[in-house]
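All residue numbers for the sequence shown refer to the numbering used here, where the first residue is 1050 and numbers rise by one.
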Amino acid sequence: MRSKNKIKKSLIITALLLICFVTFFAMISGDKVKYEGSSRNGLWVSTIEKSDKTSIGPNYFLNLYWQGNKKEAKRTIVQKIILYIDGKKYDDREDYDLSEYTGEEMPGGGQMEDHIATFDFMPEDEVIGHDVVVKVEWKTGREKHTDKIRLQEKPWYKR
1050 MRSKNKIKKS LIITALLLIC FVTFFAMISG DKVKYEGSSR NGLWVSTIEK
1100 SDKTSIGPNY FLNLYWQGNK KEAKRTIVQK IILYIDGKKY DDREDYDLSE
1150 YTGEEMPGGG QMEDHIATFD FMPEDEVIGH DVVVKVEWKT GREKHTDKIR
1200 LQEKPWYKR
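Structure (C-alpha coordinates):
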(Lines of atoms letter the chains of each structure in order from A and count residues from 1; the text may use other names and numbers.)
(Lines give C-alpha, C1' and ligand atoms only; values in the text may rest on other atoms or scores of the structure.)
Protein backbone atom coordinates (compact mmCIF):
# COMPACT_ATOMS: atom_id res chain seq x y z
CA MET A 1 0.00 0.00 0.00
CA ARG A 2 2.77 2.41 0.89
CA SER A 3 4.65 1.75 -2.33
CA LYS A 4 1.55 2.62 -4.39
CA ASN A 5 1.19 5.91 -2.49
CA LYS A 6 4.88 6.69 -3.06
CA ILE A 7 4.52 5.98 -6.77
CA LYS A 8 1.42 8.21 -6.98
CA LYS A 9 3.20 11.02 -5.12
CA SER A 10 6.25 10.66 -7.36
CA LEU A 11 4.09 10.79 -10.49
CA ILE A 12 2.20 13.85 -9.25
CA ILE A 13 5.44 15.66 -8.35
CA THR A 14 6.97 14.72 -11.71
CA ALA A 15 3.88 15.94 -13.57
CA LEU A 16 3.88 19.24 -11.68
CA LEU A 17 7.58 19.78 -12.35
CA LEU A 18 7.05 19.01 -16.03
CA ILE A 19 4.17 21.51 -16.23
CA CYS A 20 6.31 24.17 -14.51
CA PHE A 21 9.23 23.49 -16.87
CA VAL A 22 7.04 23.73 -19.99
CA THR A 23 5.41 26.94 -18.72
CA PHE A 24 8.80 28.49 -17.92
CA PHE A 25 10.19 27.55 -21.35
CA ALA A 26 7.09 28.97 -23.09
CA MET A 27 7.46 32.25 -21.19
CA ILE A 28 11.10 32.60 -22.17
CA SER A 29 10.72 31.78 -25.85
CA GLY A 30 7.11 32.82 -26.45
CA ASP A 31 7.46 36.50 -27.31
CA LYS A 32 9.57 37.70 -30.20
CA VAL A 33 10.26 41.19 -28.83
CA LYS A 34 13.84 41.27 -27.56
CA TYR A 35 14.46 45.01 -27.13
CA GLU A 36 12.12 47.93 -26.58
CA GLY A 37 12.26 51.61 -25.73
CA SER A 38 10.48 54.92 -26.09
CA SER A 39 11.55 58.50 -26.70
CA ARG A 40 11.68 60.89 -23.74
CA ASN A 41 8.74 62.87 -25.07
CA GLY A 42 6.67 59.70 -25.54
CA LEU A 43 6.03 60.30 -29.24
CA TRP A 44 7.95 57.25 -30.47
CA VAL A 45 8.23 53.62 -29.40
CA SER A 46 10.68 51.22 -30.98
CA THR A 47 11.20 47.47 -30.70
CA ILE A 48 13.57 44.91 -32.11
CA GLU A 49 11.87 41.59 -32.81
CA LYS A 50 12.96 38.17 -33.95
CA SER A 51 11.95 37.40 -37.50
CA ASP A 52 9.97 34.33 -38.52
CA LYS A 53 12.13 34.16 -41.64
CA THR A 54 14.99 32.05 -40.33
CA SER A 55 16.25 30.44 -43.55
CA ILE A 56 19.46 32.46 -43.13
CA GLY A 57 19.61 31.83 -39.39
CA PRO A 58 18.26 33.81 -36.42
CA ASN A 59 17.70 37.40 -37.49
CA TYR A 60 15.92 40.51 -36.26
CA PHE A 61 14.17 43.64 -37.52
CA LEU A 62 13.27 47.05 -36.08
CA ASN A 63 9.77 48.49 -35.62
CA LEU A 64 9.07 52.18 -35.08
CA TYR A 65 5.65 53.30 -33.80
CA TRP A 66 4.21 56.83 -33.66
CA GLN A 67 2.51 57.40 -30.29
CA GLY A 68 1.62 61.04 -30.76
CA ASN A 69 -1.56 62.81 -31.78
CA LYS A 70 -3.46 61.10 -34.64
CA LYS A 71 -4.02 64.44 -36.42
CA GLU A 72 -0.30 65.20 -36.22
CA ALA A 73 0.51 61.75 -37.63
CA LYS A 74 -0.95 62.71 -41.00
CA ARG A 75 1.40 65.73 -41.16
CA THR A 76 4.44 63.96 -39.70
CA ILE A 77 7.14 62.77 -42.06
CA VAL A 78 10.02 60.58 -40.92
CA GLN A 79 13.09 61.86 -42.70
CA LYS A 80 15.63 59.39 -41.40
CA ILE A 81 15.93 56.41 -39.08
CA ILE A 82 19.46 55.71 -37.91
CA LEU A 83 20.35 52.62 -35.89
CA TYR A 84 23.41 52.65 -33.65
CA ILE A 85 24.83 49.45 -32.22
CA ASP A 86 27.52 49.94 -29.60
CA GLY A 87 27.76 53.61 -30.63
CA LYS A 88 28.47 52.88 -34.31
CA LYS A 89 26.03 53.60 -37.15
CA TYR A 90 24.60 50.27 -38.31
CA ASP A 91 23.25 51.15 -41.75
CA ASP A 92 21.68 54.02 -43.70
CA ARG A 93 18.10 53.76 -44.89
CA GLU A 94 15.97 55.75 -47.30
CA ASP A 95 13.46 58.38 -46.19
CA TYR A 96 10.07 57.23 -44.89
CA ASP A 97 6.75 59.01 -45.21
CA LEU A 98 4.93 58.31 -41.94
CA SER A 99 1.57 59.11 -43.51
CA GLU A 100 1.87 55.73 -45.24
CA TYR A 101 2.03 53.98 -41.86
CA THR A 102 -0.54 55.69 -39.63
CA GLY A 103 -3.17 52.98 -39.57
CA GLU A 104 -5.66 55.23 -41.35
CA GLU A 105 -8.29 53.99 -43.79
CA MET A 106 -7.17 53.79 -47.41
CA PRO A 107 -9.33 55.09 -50.26
CA GLY A 108 -11.23 52.09 -51.63
CA GLY A 109 -11.07 50.18 -48.33
CA GLY A 110 -8.40 48.43 -46.31
CA GLN A 111 -6.04 49.80 -43.71
CA MET A 112 -2.47 51.06 -43.74
CA GLU A 113 0.20 49.85 -41.36
CA ASP A 114 0.49 51.53 -37.96
CA HIS A 115 4.29 51.38 -37.88
CA ILE A 116 7.48 51.32 -39.89
CA ALA A 117 9.35 48.00 -40.03
CA THR A 118 12.93 48.27 -41.22
CA PHE A 119 16.48 46.95 -40.84
CA ASP A 120 15.33 43.48 -41.90
CA PHE A 121 17.59 40.46 -41.52
CA MET A 122 19.92 41.81 -38.82
CA PRO A 123 21.98 38.78 -37.70
CA GLU A 124 21.49 37.78 -34.07
CA ASP A 125 25.14 38.23 -33.11
CA GLU A 126 25.08 41.85 -34.35
CA VAL A 127 22.12 42.79 -32.15
CA ILE A 128 21.65 40.62 -29.05
CA GLY A 129 23.85 41.63 -26.13
CA HIS A 130 24.76 45.01 -27.63
CA ASP A 131 23.92 48.64 -26.77
CA VAL A 132 21.13 49.64 -29.20
CA VAL A 133 19.99 53.23 -29.92
CA VAL A 134 17.55 54.43 -32.59
CA LYS A 135 17.68 58.02 -33.81
CA VAL A 136 14.59 59.37 -35.56
CA GLU A 137 14.73 62.57 -37.60
CA TRP A 138 11.25 63.82 -38.45
CA LYS A 139 9.20 66.89 -39.12
CA THR A 140 5.63 67.93 -38.50
CA GLY A 141 4.67 70.69 -40.86
CA ARG A 142 7.79 72.88 -41.05
CA GLU A 143 9.17 72.00 -37.60
CA LYS A 144 12.10 69.57 -37.61
CA HIS A 145 12.73 67.26 -34.67
CA THR A 146 15.18 64.58 -33.57
CA ASP A 147 14.58 61.92 -30.95
CA LYS A 148 16.90 59.22 -29.66
CA ILE A 149 15.49 56.01 -28.28
CA ARG A 150 17.69 53.74 -26.16
CA LEU A 151 16.41 50.20 -26.47
CA GLN A 152 16.67 47.93 -23.45
CA GLU A 153 16.66 44.17 -23.57
CA LYS A 154 13.24 43.03 -22.43
CA PRO A 155 13.44 40.68 -19.43
CA TRP A 156 12.09 37.17 -20.02
CA TYR A 157 9.38 37.59 -17.37
CA LYS A 158 7.87 40.56 -19.27
CA ARG A 159 7.71 38.76 -22.59
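Beta carbons: idealized from backbone N, C-alpha and C, even for Gly.
Nearest candidate by alpha-carbon position, reference E1192, set M1171, V1127, E1175: Nearest Cα to E1192 within the set M1171, V1127, E1175: V1127.
Limits of the unbroken beta strand (DSSP E) element including K1119: No beta strand (DSSP E) holds K1119; the alpha helix (DSSP H) holding it covers 1119-1122.
Enclosing beta strand (DSSP E) for D1169 [first to last residue]: Taken as a continuous stretch (DSSP letters only), the beta strand (DSSP E) holding D1169 covers 1164-1172.
Simplified DSSP state of L1200, which is helix, strand or coil: Taken through DSSP and simplified to helix, strand or coil, L1200 comes out as strand.
Buried versus exposed call for A1122 [16 or more other C-beta atoms within 10 Å across all chains shown]: Note on A1122: 16 or more other CB atoms within 10 angstroms of its CB, so buried under the neighbour-count rule.
CB contact flag (Y1109, M1171, <8 Å): A contact, by the Cβ cut-off of 8 Å.
Close beta carbons around T1189, own chain, < 7 Å, minus the five adjacent residues each side: Answer for T1189: E1121, R1124, T1125, listed in chain order.
Assigned secondary structure, D1095 (DSSP; H/G/I helix, E/B strand, else coil): Going by the sequence as given, residue 1095 is Ser instead of Asp. Correct three-state label for S1095: strand.
Stretch pair the region 1091-1103 + the region 1168-1188: three plus CB contacts closer than 8 Å: At 8 Å Cβ cutoff, the stretches touch.
Beta-carbon gap between L1113 and H1164 smaller than 8 Å: At a Cβ-Cβ threshold of 8 Å, L1113 and H1164 count as neighbours.
Neighbourhood of E1173 by C-beta, 6 Å cutoff - its chain only, sequence neighbours within 5 removed: Setting aside the 5 residues that flank it on each side, E1173 is surrounded in the same chain by P1107, each with a C-beta closer than 6 Å to its C-beta; the list follows chain order.
Reference I1177; option with closest CA among K1203, Q1116, I1056, T1167: Restricting attention to K1203, Q1116, I1056, T1167, the CA atom closest to the CA of I1177 is found in K1203.
Limits of the unbroken beta strand (DSSP E) element including I1126: Note, I1126: beta strand (DSSP E), 1125-1134.
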